[in-house]
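S.K.:
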Amino acid sequence: MLGGRDEGSEDSWRAVPKISVVAPPRERAVKPTVVLLVLVIVAELLFAQFQYRDYTSGKTAAEELTVEADDIASRLSLEEGDMANSETRIGEITAEIKAVIDGASAQDTARSELSKTYDELLIRPNWAGAFEAILLANSDEISIKSIRTDPSGKIEASGTATGITAISGLQSQFRSVADILNLISLQLDKAEGSQTFRAEIQIR
Amino acid sequence: MLDQLNDRLSIEMRVLAAVLIIGAGTAFLFQLNSGVQGEVQVLQDDQALVVDDLAAMSFEAGSMAEKLAEKEAELESVCADV
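Protein sequences, first through last, are from chains A and B.
Sequence positions in the first sequence follow our numbering and run 1 to 204.
Sequence positions in the second sequence follow our numbering and run 1001 to 1082.
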């Protein structure tokens, strides 16, 4: 019954559940565990940021290095081409120099031989050959045994003439070529079946 | 079900889940960054070698050009002598 107090049930109000009108003490809104975990999250985020920054910068550097590597490779290729061209050109020039030197050497050899022959002709004129050719000697009747010449054109010839006809023929031969050969002396000696002669001639 | 799970998860568990997810992402990023840094290192080493080769080849090309000039001068001299 409301408003009244039952004497018999004096203690019955104690059985009524207590209703607290004061708010119970609240638990702490942020526990230390949560704070610690949040700090871990912050640290992770910072680390992730650094990693991302390194990643982006590394990627950029890798792209730049790739471009530079391509550039260097193309320059290397050009250098190799230039070197190959230079080697080829050096080989060509070396061959050209060798050809020129060989040609010059051959010319020098020919010139040397020509000069040598010319010098021999100047030093040792073939007077004997000329004498024989002019006199038409060394025939069956007249054979020349020795001829001695000197550079002044003096010729001493000795030989054998078979028969008087040959001796007179030799004299007439000297006369016929008197404009070339000047007979200075002619010495005749009798031999067995022939005559030896010794002539001294001066070439005009 | 997600609502039920959401109701049951305490704040600690939620933050821990965030820690794990962010940690996994960070680890993935670390691996990615390590790969890129290794690639950069390899490229730098290759570039150093190639630059050395290029320097050596440039020097060789210079000496060869000098040799070529000498040969051309020698050829001219030989031709003049002949």
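By construction, the Cβ of each residue, glycine as well, lies at the ideal position given by its N, Cα and C atoms.
Starting from the beta carbon of B/Glu1072, find every residue of chain A whose beta carbon is closer than 8 Å, and list them in chain order.
M.R.: As a first step, residue 1072 of chain B must be located in the second sequence, where it is residue number 72. Those within 8 Å of B/Glu1072 in chain A are Ile93.
S.K.: For A/Thr160, which option in A/Thr33, A/Glu68, A/Ala191 has the closest C-alpha, if you only look at C-alpha atoms?
M.R.: Counting from 1 along the first sequence, the entry for residue 160 of chain A is found at position 160. Checked all of A/Thr33, A/Glu68, A/Ala191; the closest Cα to A/Thr160 is A/Ala191.
S.K.: State yes or no: is the beta carbon of B/Leu1049 nearer than 8 Å to at least one beta carbon in chain E?
M.R.: Absent from the structure is chain E; the protein chains it does hold are A and B.
S.K.: In the stretch 143–163 of chain A, which residues sit with their C-beta less than 9 Å from some C-beta in chain B, listed in chain order?
M.R.: Residues: none.
S.K.: Give me the chain A residues within the contact set of B/Asp1053, using Cβ-Cβ distance strictly less than 7 Å, ordered along the chain.
M.R.: Along the second sequence, one-based indexing puts residue 1053 of chain B at 53. Leu76, listed in chain order.
S.K.: If the cut-off is 8 Å on Cβ atoms, which residues from the stretch 1022–1037 of chain B count as contacting chain A, listed in chain order?
M.R.: For the stretch 1022–1037 of chain B, which is checked against every Cβ of chain A, the residues closer than 8 Å are Ile1022, Gly1023, Gly1025, Thr1026, Leu1029, Phe1030, Leu1032, Asn1033, Val1036, Gln1037.
S.K.: Are the beta-carbon atoms belonging to B/Val1050 and A/Ile72 less than 8 Å from one another?
M.R.: To locate residue 1050 of chain B, count along the second sequence from 1; it is residue 50. To locate residue 72 of chain A, count along the first sequence from 1; it is residue 72. In this structure, A/Ile72 lies closer than 8 Å to B/Val1050 by Cβ.
S.K.: Beta carbon of A/Leu65, beta carbon of B/Leu1054: below 8 Å?
M.R.: Start at 1 with the first residue of the first sequence, and residue 65 of chain A comes out as number 65. Start at 1 with the first residue of the second sequence, and residue 1054 of chain B comes out as number 54. In this structure, B/Leu1054 does not lie closer than 8 Å to A/Leu65 by Cβ.
S.K.: Whole angstroms are fine: how far does the CA of A/Ile97 sit from the CA of A/Ser158?
M.R.: The residue labelled residue 158 of chain A in the question sits at position 158 within the first sequence. The residue labelled residue 97 of chain A in the question sits at position 97 within the first sequence. The alpha-carbon atoms of A/Ser158 and A/Ile97 are separated by roughly 58 Å.
S.K.: Is the CB-CB distance between A/Ile101 and B/Lys1071 below 8 Å?
M.R.: Indexing the first sequence from 1 puts residue 101 of chain A at position 101. Indexing the second sequence from 1 puts residue 1071 of chain B at position 71. Not closer than 8 Å, so no.
S.K.: Between the stretch 44–60 of chain A and chain B, which residues of the former have CB atoms less than 7 Å from a CB of the latter, in chain order?
M.R.: Under the 7 Å Cβ criterion, the stretch 44–60 of chain A contributes Glu44, Leu45, Phe47, Ala48, Gln51, Tyr52, Asp54, Tyr55, Gly58, Lys59.
S.K.: Under a three-way DSSP split, which group does A/Ile72 fall into?
M.R.: Residue 72 of chain A sits at position 72 when you count from the first residue of the first sequence. It is helical.
S.K.: Taking the straight line between their C-alpha atoms, what separation do you get for A/Tyr55 and A/Asp70?
M.R.: For the purposes of this step, residue 55 of chain A is taken as the residue at position 55 of the first sequence. For the purposes of this step, residue 70 of chain A is taken as the residue at position 70 of the first sequence. Cα to Cα, A/Tyr55 sits roughly 22 Å from A/Asp70.
S.K.: Are there three or more Cβ pairs, one per stretch, closer than 8 Å when the stretch 165–182 of chain A is compared with the stretch 1002–1017 of chain B?
M.R.: Not touching, per the Cβ criterion.
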